[in-house]
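Shown next, in structure tokens, is the structure this report addresses.
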Amino acid sequence: MELGHDGVEELVRLRRQLHRHPELRFTEHQTAVTLAEKLQPFGRVHTGIAGTGLLLELEGALPGPTVLLRADMDAYPVQDAKTEPYASTNPGVCHACGHDVHMTVAYGVAARLAAAPPARGSVAVLFQPAEEIPFGEASGAAAALLHETLRGRRFDAVLGLHCWPDLQVGTLGVDRHTAMAAKDAFRIEVLGRAAHAATPALGRDAILGLSGIVNLLHAAVARSRNADELVAFNIGTISGGASQSQVAAYAEATGTLRTLDEGTRERLKVVIERVARQQAAALDLGVRFTWANEMPPVRNAAELVALAHTELPDLVEVVDLAVPPLTTDDFALLGALGPSLYVKLGVTGERGGAPLHSGSFDVDERCLEYGVNALERLTRAVLDGRLTAPTIASVPTPAAAGDDTDTAAVAA
């Protein structure tokens with residue numbers, strides 16, 4: 001099942017080409033051209049998925065199970081800090097979340113399947129734009145689901161992977177149930193009244209009000225969660241005011257709430273909005289509160305978790321992840337198409353180790369072959385009918401949780 005030397009070198013060349021030329025969400029035009037040219041010999045390639053995305057269709061000789069593989073395409077708005085020859089040539093844009101690796105692995109699996117087509121069934125390989133989602137903007141996965149190639153379809157398995165710097169190259173992390181958390185983004189706009197700084201009593205200070213809201217929200221979320229509830233709350237931006245000599249009439253902040261449990265999620269959303277409104281009212285300030293980019297958690301199907309533990313240990317060290325991270329991904333939306341599995345690809349070795357979304361992020365490129373081997377094996381197992389309901393013995397008891405702290409702090 002190993003790639004030959006030429007195959008590995010091709011994967012490395014493609015990954016480095018993509019890394020040198022990163023493109024932001026919904027602008028992945030050259031990325032799409034590069035991939036389409038390489039995928040064309042393998043099967044039918046649909047372009048224009050969610051604008052810049054691609055869908056490759058691979059058919060077996062006979063009807064049978066169906067599999068969707070997904071790789072995200074967009075880069076992250078951060079300056080590449082590396083000095084490697086393949087560092088980004090696009091100022092302020094970098095593949096700092098490993099999407100270049102995801103695309104390369106999906107291409108490698110497609111090449112394998114085209115070279116040795118499955119006896120039955122079919123595979124769709126989705127290269128999806130715009131996984132990184134700024135406040136209030138659209139999800140690439142949501143847009144892709146509206147395209148005629150995916151609308152109304154069902155698959156026996158929806159598979160994907162994500163680079164994971166907390167894991168060493170040669171390992172693959174499998175979360176037992178939740179692979180990534182739910183995320184709810186919010187914006188708080190505080191509406192005051194301008195006045196000269198020499199006469200503050202004539203105004204209503206929006207910056208003072210917002211600063212109090214920020215402090216109270218951190219305390220309120222901390223005291224409104226139980227000890228066994230994994231939660232991450234963050235205020236990531238804050239701005240406002242027009243002059244150092246003016247009482248600010250406007251200030252705003254944006255942030256995110258990340259949770260694993262639906263009950264916890266809904267309870268804390270109520271707390272956050274209530275505290276913001278009450279504190280603003282106490283200071284005679286107006287407030288506009290907006291939720292956006294609500295993203296459900298990524299759930300791994302039990303039968304696919306069991307399949308990974310059964311099929312992959314001879315290819316890669318399978319690490320059973322006991323504690324889900326609080327990172328998020330719009331792969332969650334693709335769960336509407338069928339049972340899904342989102343695994344974590346170890347990328348740290350001679351290179352790697354920097355956190356996701358860091359300008360220093362890099363990978364040990366040996367991870368490419370491990371990723372291709374793992375996803376191809378899972379795909380062929382589903383097509384061969386080896387996907388069955390799990391038994392208790394088929395999924396090992398979690399050994400220990402990995403430390404996801406640094407990754408969770410910076411990922412999407």
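The opening residue of the sequence shown carries number 1 in full-length UniProt numbering; numbering runs sequentially from there. Positions of the beta carbon are idealized from the N, C-alpha and C atoms, including for glycine.
Within 7 Å, strictly: CB atoms of residue i and residue j
i           : j    : result
R223        : D284 : no
H95         : A75  : yes
G240        : A251 : yes
T327        : M103 : no
K344        : R258 : no
P324        : L378 : no
A364        : E350 : One detail in the question is off: residue 364 reads as Asp in this sequence, not Ala. Cβ distance < 7 Å, so D364 and E350 count as in contact.
G160        : G121 : no
G346        : V174 : no
F42         : A116 : no
N373        : L341 : no
residue 415 : V67  : The structure shown does not extend to residue 415, since the chain is modelled only from 1 through 412, so no value can be given for it.
V105        : G371 : yes
V123        : L58  : yes
L210        : E303 : no
L35         : F127 : yes
Those residues which DSSP pairs with residue i across a bridge
i    : result
G173 : V319, K344
S239 : E252
K183 : R258, M295
D72  : Q128
C94  : Y76
C163 : L345
R120 : L62
E266 : Paired residues: none, contrary to the question.
L56  : V45, V125
H196 : Q246
R204 : R193
V12  : The partner list for V12 (beta bridge, DSSP) is empty, contrary to what the question assumes.
Q168 : T348
G286 : L191
Closest by C-alpha distance to residue i, when choosing among the options
i           : options                : result
I188        : R351, K269, D175       : K269
P297        : G335, A115, K344       : G335
S245        : P339, E294, A198       : A198
L321        : L172, G121, A281       : L172
G192        : M180, A249, L216       : A249
M73         : V93, K82, L337         : V93
R44         : A36, T52, L56, L35     : L56
A185        : R176, Q279, A253, G209 : A253
A242        : H196, G255, A280       : H196
G51         : L210, F42, T31, G60    : T31
V316        : L333, F331, E369, N215 : E369
K82         : W164, A354, L208, L11  : A354
S358        : V123, G136, V78, R15   : V78
V247        : A194, V231, Q279, G209 : A194
L146        : P339, D384, L333, T348 : L333
R112        : H309, Q17, L11, L210   : L11
V125        : A71, C163, E148        : A71
D362        : G98, G209, D329        : G98
residue 465 : V8, V33, P63, G136     : Since the displayed the chain opens at 1 and closes at 412, residue 465 lies outside it and no answer follows.
A308        : T34, G64, R176, V33    : R176
P65         : A114, A227, G338, R151 : G338
C367        : D80, R277, A306, W164  : W164
R277        : I238, D314, L216       : L216
A114        : D80, Q40, E148, I238   : Q40
F331        : T149, G48, H162        : H162
A282        : G385, R13, L208        : L208
R380        : T348, E311, G48, I238  : E311
Own chain partners of residue i with C-beta closer than 8 Å, once the 5 adjacent residues on each side are dropped
i    : result
A220 : V271, I272, V275
N90  : H21, P22, E23, A75
D404 : Bear in mind that a pLDDT of 40 at D404, under 50, signals an unreliable position, so the model cannot answer this.
G136 : A185, R187, T290, A292, N293
P200 : V247
R151 : L145
Neighbourhood of residue i by C-beta distance below 6 Å, restricted to the same chain and skipping five residues each side
i    : result
E229 : T264
T256 : K183, A185, N234
H19  : Y86, H95, D100
V231 : R225, T259
G212 : Q279
P118 : G60, L383
V410 : The pLDDT assigned to V410 is 38, lower than 50, so where the model puts this residue is not dependable, and the model offers no usable value.
Residue i Cβ short of 6 Å to the ligand FAD heavy atom set
i    : result
D284 : As far as ligands go, the structure on display features none, and thus does not contain the ligand FAD.
Contacting residues, own chain, Cβ-Cβ under 7 Å from residue i (five flanking each side not counted)
i    : result
E294 : D184
V206 : Per the sequence presented here, residue 206 reads as Ala, with Val not at that position. The residues are V190, L191, G192, G240, A248, A249, Y250, A251, L285.
R16  : Y86
Segment contact, 8 Å Cβ cut-off, at least three pairs: the region 147 to 166 with the region 288 to 297 | Not touching, per the Cβ criterion.
Can you find at least 3 beta carbon pairs, one from the region 138 to 149 and one from the region 82 to 97, that sit closer than 8 Å?
-> no
Count the CB pairs spanning the region 17 to 27 and the region 115 to 135 that are closer than 8 Å, and state whether there are at least three.
-> yes
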